[in-house]
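In our numbering, the protein residues as written are 42 to 186. Ideal placement from N, C-alpha and C gives every residue a C-beta, glycine not left out.
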């Protein structure tokens, strides 16, 4: 903890930190940028906390929760209990877009024959048979590949 000198009888007095606490959205963005800058590195909690200057216990716990969510969404790969790295294997995929009249569109990835559902609002105007590049992030809750 930083200390300051004071002329009173208490020579070493703790300096209070002033400012608002970081919210989840800000910390999520910081973590995404942090891992994007270090694509091949495996980083422990300690290294992450030190690099992002996360000093308080609530901030550290929030960061751990966010990293767990990012691992569940396949953005990060969990290497051990306390270390993560950027998941590069599933970031961007290519495939063939299949449009249906009822709005239940799908993409058939190049490396698989199993179609992936794409809602109409996420189709971005792709037509039937188009080659598309996509990022596969969303998944049903508690549903592992």
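Assigned exposure category for residue 12 - 16 Cβ within 10 Å defines buried: Any property of residue 12 remains undetermined from this structure, which presents the chain solely from 42 to 186.
CB of residue 75 within 8 Å of CB of residue 123, strictly: Mapped onto the chain shown, residue 75 falls at position 34. Mapped onto the chain shown, residue 123 falls at position 82. Cβ distance not < 8 Å, so residue 75 and residue 123 don't count as in contact.
Coil, strand or helix - residue 156 by DSSP: Here residue 156 corresponds to residue number 115 of the chain shown, with the count starting at 1. Of the three classes helix, strand and coil, the one that applies to residue 156 here is coil, per DSSP.
Same chain only: Cβ atoms within 6 Å of residue 118, ignoring 5 sequence neighbours per side: Position 77 of the chain shown, counting from 1, holds the residue named residue 118. Cβ contact annotation for residue 118 (same chain, cutoff 6 Å, sequence separation greater than five): 126 and 128, in chain order.
Given residue 111 as reference, the closest of 160, 77 and 143 once Cα atoms are compared: On the chain shown, residue 111 is found 70 positions in, with the first residue counted as 1. When only C-alpha atoms are compared, the closest one is 77.
Residue 101 versus residue 172: straight-line alpha-carbon distance, rounded: Residue numbering aside, residue 101 sits at position 60 when the chain shown is read from its first letter. Residue numbering aside, residue 172 sits at position 131 when the chain shown is read from its first letter. Rounded to the nearest angstrom, the two C-alpha atoms are 42 Å apart.
Assigned exposure category for residue 168 - 16 Cβ within 10 Å defines buried: Here residue 168 is taken as the residue at index 127 of the chain shown, counted from 1. With fewer than 16 other Cβ atoms from the protein chains shown falling within 10 Å of its own Cβ, residue 168 counts as exposed.
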